[in-house]
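In short: position in the sequence shown from 1, add 9, done, that's our numbering.
Notes to accompany the following structure.
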Amino acid sequence: MKIIMLGAPGAGKGTQAKMISEKYGLPHVSTGDIFRANIKNGTALGMEAKQYMDKGLLVPDELTVKILLDRVAQDDCKNGYVLDGFPRTIPQAEVLEDALSKLGDKVDYAINVDVPDENIVRRMSGRRACVTCGETYHIEHVPPKTEGICDKCGSALILRDDDKPETVLNRLKIYHEQTQPLIDFYNNEGILKEVDGTIDVKDVFENITKILG
Ligand code: ADP
Ligand code: ADP
Ligand code: ZN
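Structure representation (structure tokens):
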């Protein structure tokens, strides 16, 4: 099963992708996580990606596509995966489609987690991320057991630089310009599924499991 998560920044793609990954035994592939791991390790890729990420801009397609195709070519992805944060542009979607069709394969579901812009800025300012393992929390909706500490690994939780309100507004603008057209793209392919992302985390997930079976 190959699944794509669509939705605005902060819609809950990552939260739901992790739950899908656990329930269905599929690797969770997040381009944002891959970039952040590279930034943390000080790689050349990380340094380049950071310049765009800090401004709320997309990392250029050439760079992003290469990273993603390398990742899904790894052994653990051969029976499927959940893509979180890729594709984010029509050209990225086309490259993925071409690469899969060469293997006689295709994406099965594109799940759009729908959350209106008004909710997003508030949600992002409450998001906290683990500096070590990348786990995501929300100060009100998904709090850690101990404030400021990751449940999974005990590291400190931070507010991501790109989750500050001024950058979030920029990311939303870019989302509407470059990523939202993917909803029509996958609708035309007949694999688009919509879920309401404003309800409780577990209720969103229940609706997703109804789609995936
Ligand atoms: P969020 O979960 O808040 O939407 P991500 O962690 O997916 O954010 O991505 C963080 C940043 O990494 C993006 O704002 C963008 O700069 C970069 N990025 C991640 N995935 C892609 C992609 N597919 N194409 C271009 N840039 C990307
Ligand atoms: P994305 O990957 O789409 O950027 P995340 O999964 O990181 O989004 O979620 C953004 C923030 O909103 C996080 O702080 C997360 O804990 C919180 N969140 C996710 N889903 C919900 C929900 N259904 N209701 C309330 N808060 C949520
Ligand atoms: Zn952690």
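For each residue, glycine too, the CB sits at the ideal point set by N, CA and C.
Under 8 Å between C-beta atoms of residue i and residue j
i, j, result
"isoleucine 200", "valine 116", "yes"
"threonine 98", "glutamine 187", "yes"
"valine 210", "valine 130", "no"
"tyrosine 195", "alanine 108", "no"
"leucine 77", "threonine 40", "yes"
C-beta neighbour in chain C for residue i, strict 8 Å
i, result
"alanine 20", "The displayed structure is made up of one protein chain only, and chain C is not part of it."
Euclidean distance between Cα positions of residue i and residue j
i, j, result
"threonine 141", "valine 38", "17 Å"
"valine 74", "alanine 20", "23 Å"
"glutamine 60", "asparagine 179", "14 Å"
"leucine 168", "serine 134", "7 Å"
"isoleucine 158", "glutamine 25", "21 Å"
"histidine 185", "methionine 56", "26 Å"
"glycine 222", "lysine 32", "11 Å"
Residue i versus the options, residue with shortest Cα-Cα distance
i, options, result
"aspartate 126", "Ile148, Pro100, Gly16, Lys11", "Gly16"
"serine 110", "Tyr146, Lys11, Leu221", "Lys11"
"isoleucine 183", "Leu72, Lys64, Val151, Gly163", "Lys64"
"valine 81", "Thr52, Pro36, Ile120, Asn197", "Pro36"
"aspartate 123", "Asn50, Lys49, Phe214, Leu221", "Phe214"
"glutamate 149", "Lys161, Asn47, Asp160, Arg136", "Arg136"
**Message:** For the region 90–104 against the region 162–181, do three or more pairs of beta-carbon atoms, one drawn from each stretch, fall closer than 8 Å, so that the two count as touching?
**Reply:** no
**Request:** Could you name each continuous alpha helix (DSSP H) segment of 4 residues or more that falls completely within the region 58–98, going from the start of the chain to the end?
**Result:** 70–81
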